[in-house]
Amino acid sequence: MAHSDLTKEQGRTLPKLDLKTMGPAIALILLCIIGYSLNPAFLGEGNITNLLTRSAFIGIIAVGATFVITAGGIDLSVGSMAAVLSGVMIMVMNSLIDVLGTGVATVMTGCICSLILGIGAGMVNGLLTTKAKIEAFIVTLGTMGIFRSLVTYFADGGTLSLDFSLRDTYRPVYYESFGGLPIPVWVFLGVSVAGWILLNRTAFGRYCTAIGSNEHVAQYSAIRVERIKTATYVIQGFCVSLATIIYVPRLGSASASTGVLWELEAIAAVIIGGTVLKGGYGRIGGTILGALILTTIGNILNFTDVISNYLNGTMQGLIIIVAVWLQRAGWRGRGKTAD
Amino acid sequence: MTVKATVAALAVGGVLAMAGTAFAQDEKIKIGVSYPTPTHAWAAGMNWHAEKAEERIEALYPDVDMILVNSPDPASQASALEDLVSVNQIDALVILPFESDPLTDPVLNVKKSGALITVVDRGLSQPGIEDIYVAGNNPELGRISAQYMKTRIGEGDNIVILRGIPTLIDNERFDAFMEEIEGSGINVLDHKHANWNRDDGFEVMQDFLSRFDDIDAVWAQDDDIAIGVVAALEQAGRDGDGMFVVGGAGMKETIKGIMDGNELVPVDVLYPPAMIATAMDVTVAAFKSNGPVAGRYILGATLITPENAEDFYFPDSPF
Numbered sequence: 037m038a039h040s041d042l043t044k045e046q047g048r049t050l051p052k053l054d055l056k057t058m059g060p061a062i063a064l065i066l067l068c069i070i071g072y073s074l075n076p077a078f079l080g081e082g083n084i085t086n087l088l089t090r091s092a093f094i095g096i097i098a099v100g101a102t103f104v105i106t107a108g109g110i111d112l113s114v115g116s117m118a119a120v121l122s123g124v125m126i127m128v129m130n131s132l133i134d135v136l137g138t139g140v141a142t143v144m145t146g147c148i149c150s151l152i153l154g155i156g157a158g159m160v161n162g163l164l165t166t167k168a169k170i171e172a173f174i175v176t177l178g179t180m181g182i183f184r185s186l187v188t189y190f191a192d193g194g195t196l197s198l199d200f201s202l203r204d205t206y207r208p209v210y211y212e213s214f215g216g217l218p219i220p221v222w223v224f225l226g227v228s229v230a231g232w233i234l235l236n237r238t239a240f241g242r243y244c245t246a247i248g249s250n251e252h253v254a255q256y257s258a259i260r261v262e263r264i265k266t267a268t269y270v271i272q273g274f275c276v277s278l279a280t281i282i283y284v285p286r287l288g289s290a291s292a293s294t295g296v297l298w299e300l301e302a303i304a305a306v307i308i309g310g311t312v313l314k315g316g317y318g319r320i321g322g323t324i325l326g327a328l329i330l331t332t333i334g335n336i337l338n339f340t341d342v343i344s345n346y347l348n349g350t351m352q353g354l355i356i357i358v359a360v361w362l363q364r365a366g367w368r369g370r371g372k373t374a375d
Numbered sequence: 411m412t413v414k415a416t417v418a419a420l421a422v423g424g425v426l427a428m429a430g431t432a433f434a435q436d437e438k439i440k441i442g443v444s445y446p447t448p449t450h451a452w453a454a455g456m457n458w459h460a461e462k463a464e465e466r467i468e469a470l471y472p473d474v475d476m477i478l479v480n481s482p483d484p485a486s487q488a489s490a491l492e493d494l495v496s497v498n499q500i501d502a503l504v505i506l507p508f509e510s511d512p513l514t515d516p517v518l519n520v521k522k523s524g525a526l527i528t529v530v531d532r533g534l535s536q537p538g539i540e541d542i543y544v545a546g547n548n549p550e551l552g553r554i555s556a557q558y559m560k561t562r563i564g565e566g567d568n569i570v571i572l573r574g575i576p577t578l579i580d581n582e583r584f585d586a587f588m589e590e591i592e593g594s595g596i597n598v599l600d601h602k603h604a605n606w607n608r609d610d611g612f613e614v615m616q617d618f619l620s621r622f623d624d625i626d627a628v629w630a631q632d633d634d635i636a637i638g639v640v641a642a643l644e645q646a647g648r649d650g651d652g653m654f655v656v657g658g659a660g661m662k663e664t665i666k667g668i669m670d671g672n673e674l675v676p677v678d679v680l681y682p683p684a685m686i687a688t689a690m691d692v693t694v695a696a697f698k699s700n701g702p703v704a705g706r707y708i709l710g711a712t713l714i715t716p717e718n719a720e721d722f723y724f725p726d727s728p729f
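These protein sequences, in sequence, are chains A and B. Read in this note's numbering, the first sequence has 128 at position 92, and its numbers run on one by one without any break. Read in this note's numbering, the second sequence has 645 at position 235, and its numbers run on one by one without any break.
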């Protein structure tokens, strides 16, 4: 992905562009080298599949966040949304066992329910931002609190658990592999490719970028700004719901601690990947690398006892800043001519 | 009965009932119970046990009135305490403080009003405020877990440890465990924080499994972490060969598993959410018993095995 991005713009500013697009990739490769030198088991097949599968949740959500941020918005509610969708999904599936049995029908209904609610929640965020003209930060801060307390309420403060009779049907969605790759990784791949095409090869993607660069100019250019912006939140909701569908079969439970800080991880993945926080420029390929980088940091820290456990947050913070610095070094050079 | 008659009957009944409560209020022993709104499963269990204890105690002693209040943060808990004194005029307070420091002064003010103070689980920052103290035993939880490990494995065997959120509670449990395990020849390969949460338990355990080929047992310290650990072990197909996981707290699913003879999680170490009920009972005893009750009650970190599991199983509790 990063490669095709590169060839596309190769004609224009090759040397400066290199570092910018390659920054996240370089950071990831460096991390892998560090991981391997700490412990060769890091590059073992098992660990690589673990890493990819784990990245899928944040990765899928971050693809949605790339659209929101590119169009100049922000969505803080995704972590809480994931928690409440998981919770509702579990409740729906548990209550359907008597009617539909423990087979695929129940699981499918649960998934469809999650998709409808995810899209609906995204729609609410979008409409409140565009129609009610409330800042996205405030709207999604509000819905973040609402979703989080709803899951606590549904779970009675405890944990919602998927009925054991359903787990045999649903478990494979997380644990089974297809052609050597676990199913969540396939979903992640599918979402990434679809996201890349949507952002880079369609009018919709160009409108997002245009709105993020300058909303007024976009408005005067006859772009239906409100509709496009709402659509980005709907895409975000859809992505959260997809992530939920592959998250629930992992441990079959949801509680108030599900998805805590996922919104910040998703936003960090997007920014590490080279998308500009204030909007107007988005990179799906970078977002995916960003998600991989975040998961890899956590993984490496579990692979070594050189660094005190208490300093995990410090290491994560440092690596995120360095990764962004790596790609900004190129951005600054190009920014002078582009803006 | 006509509608009018019903209304009249209700009105008369209402007046009588109000008169009844007004009369009873002067006589009743009022005990305020303040604790955090649940944000995790253990606290939800604690809330449930508090409500159960209220029902039970009020049925047993009609002249005791329990006033249960839960608060979402330390500041609202402090306000709740003020209300309990000014509005409810409580005779005793049972409190599980959100945090020690911000609630020490508010509790001191309640004490100045003349109420009996019972503190649960987390101590206050200043000694001597509480009349009764009821708590679980964190070091004991670590020690009992280590003692069980030593009965199952020995010299040259390897374990990994998943710790909670970096806090004093976690340190007390961990230090006591390490002290007990020392000299047994059991190798602790590494310990990482899994933040008392299933997802982190799963991921940290996955990484331990990739990193170490030979693990004989896992100390997960907490039942939520243990659920993640078990999922990771099953995924890697390393849940056989006598591998076992020791959690802690007393989650109902875990205890059910122990009753059913689960070999992967064969025991649990108690850190009971029902301690709030113990505290409420002791506080009532201060008004009802002819024996002295003031003092410190440190509950045992009981090892839950198939033999005694039934005593700790509450299927209706959320935890």
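Backbone N, C-alpha and C define an ideal beta-carbon position, used for all residues, glycine too.
query: Beta-carbon of residue 293 of chain A versus every beta-carbon of chain B: anything under 8 Å?; result: yes
query: Let me see if you follow: with CB-CB separation under 8 Å, is residue 214 of chain A close to chain B or not?; result: no
query: Hey, which unbroken runs of the alpha helix (DSSP H) at 4 residues or more fall wholly within the stretch 634-683 of chain B?; result: 662-669
query: Below 8 Å on the Cβ atoms is my guess for residue 599 of chain B versus residue 625 of chain B; work out the distance and round it to an integer in Å.; result: 7 Å
query: Does the Cβ of residue 476 of chain B have 16 or more other Cβ atoms within 10 Å, making it buried, or fewer, making it exposed?; result: buried
query: Assuming residue 298 of chain A is part of the alpha helix (DSSP H), what are its boundary residues?; result: 298-308
query: Which ranges does the alpha helix (DSSP H) cover as unbroken runs of at least 4 residues, wholly within the stretch 569-595 of chain B, from first to last along the chain?; result: 578-591
query: Nearest by alpha-carbon distance to residue 262 of chain A: which of A:328, A:342, A:117 and A:166 is it?; result: A:166
query: Any contact between the stretch 224-235 of chain A and the stretch 125-133 of chain A? By contact I mean 3 or more CB pairs, one from each, below 8 Å.; result: no
query: Take residue 703 of chain B and list the residues in its own chain whose beta-carbon comes closer than 6 Å to its own, dropping the five residues that flank it on each side.; result: 692, 695 and 696
query: Is it right to say residue 268 of chain A is buried, meaning 16 or more other beta carbons lie within 10 angstroms of its own, or is it exposed?; result: buried
query: Below 8 Å, can you find three or more Cβ-Cβ pairs linking the stretch 457-465 of chain B to the stretch 683-692 of chain B?; result: yes
query: Between the Cα of residue 106 of chain A and the Cα atoms of A:242, A:168 and A:316, which residue gives the shortest distance?; result: A:316
query: Around the Cβ of residue 631 of chain B, are there at least 16 other Cβ atoms within 10 angstroms (buried) or fewer (exposed)?; result: buried
query: Keeping to the same chain, check which residues put their C-beta closer than 6 Å to that of residue 72 of chain A; ignore five residues upstream and five downstream.; result: 78 and 79
query: Does the stretch 567-577 of chain B come within contact of the stretch 540-553 of chain B, defined as at least 3 CB pairs closer than 8 Å?; result: no
query: Distance, Cα to Cα, residue 615 of chain B vs residue 638 of chain B?; result: 8 Å
query: Taking buried to mean at least 16 other C-beta atoms within 10 Å of its own C-beta, is residue 46 of chain A buried or exposed?; result: Low local confidence applies: a pLDDT of 46 at residue 46 of chain A is under 50, so the model's placement there is unreliable, and no value is given.
query: Are the beta-carbon atoms of residue 282 of chain A and residue 223 of chain A separated by less than 8 Å?; result: yes
query: Pairs of beta-carbons, one from the stretch 665-683 of chain B and one from the stretch 445-459 of chain B, closer than 8 Å: are there three or more?; result: yes
query: So what does DSSP say about residue 195 of chain A, is it helix, strand or coil?; result: strand
query: For the beta strand (DSSP E) that contains residue 445 of chain B, what are its first and last residues?; result: 439-446
query: Run the CB neighbour count on residue 208 of chain A, radius 10 Å, all protein chains shown included, and call it buried at 16 or more, exposed below.; result: exposed
query: Whose C-alpha, out of B:468, B:649 and B:559, is nearest the C-alpha of residue 595 of chain B?; result: B:559
query: Measure how close the beta-carbons of residue 442 of chain B and residue 527 of chain B come, nearest whole angstrom, since I'm counting them as under 8 Å.; result: Contact flag wrong, Cβ pair sits at about 10 Å.
query: On the premise that residue 555 of chain B lies in contact with residue 587 of chain B, defined as a C-beta separation below 8 Å, what is that separation, rounded to the nearest angstrom?; result: 6 Å
query: For residue 603 of chain B, which three-state DSSP category applies?; result: strand
query: Beta-carbon within less than 6 Å of residue 608 of chain B's beta-carbon, same chain only, minus the 5 sequence neighbours each way: which residues are those?; result: 634, 637 and 638
query: For residue 576 of chain B, which residues in chain A fall below 8 Å Cβ to Cβ?; result: 345 and 346
query: Could you have a look at residue 555 of chain B and say whether DSSP puts it in helix, strand or coil?; result: helix
query: I want to know whether the stretch 271-279 of chain A touches the stretch 151-169 of chain A - three or more CB-CB distances under 8 Å.; result: yes
query: Compute the beta-carbon to beta-carbon distance between residue 351 of chain A and residue 337 of chain A, rounded to the nearest angstrom, for a pair I have assumed lies under 8 Å.; result: 6 Å
query: Which class does residue 375 of chain A belong to by DSSP, given the choice of helix, strand or coil?; result: Here residue 375 of chain A scores only 39 on pLDDT, less than 50, and its place in the model should not be relied on; the value that follows carries that caveat. In the structure shown, residue 375 of chain A sits in coil (DSSP, three-state: anything other than H, G, I, E or B).
query: Name the residues in the stretch 275-287 of chain A whose C-beta lies less than 9 Å from a C-beta of chain B; which are they?; result: 283, 286 and 287
query: Comparing the C-beta of residue 717 of chain B with each C-beta of chain A, is any distance below 8 Å?; result: no
query: Applying the criterion that 16 or more other CB atoms from any shown protein chain within 10 Å of the CB defines a buried residue, is residue 27 of chain A buried or exposed?; result: Only positions 37 to 375 of chain A appear in the structure, and residue 27 of chain A is not among them; the question remains open.
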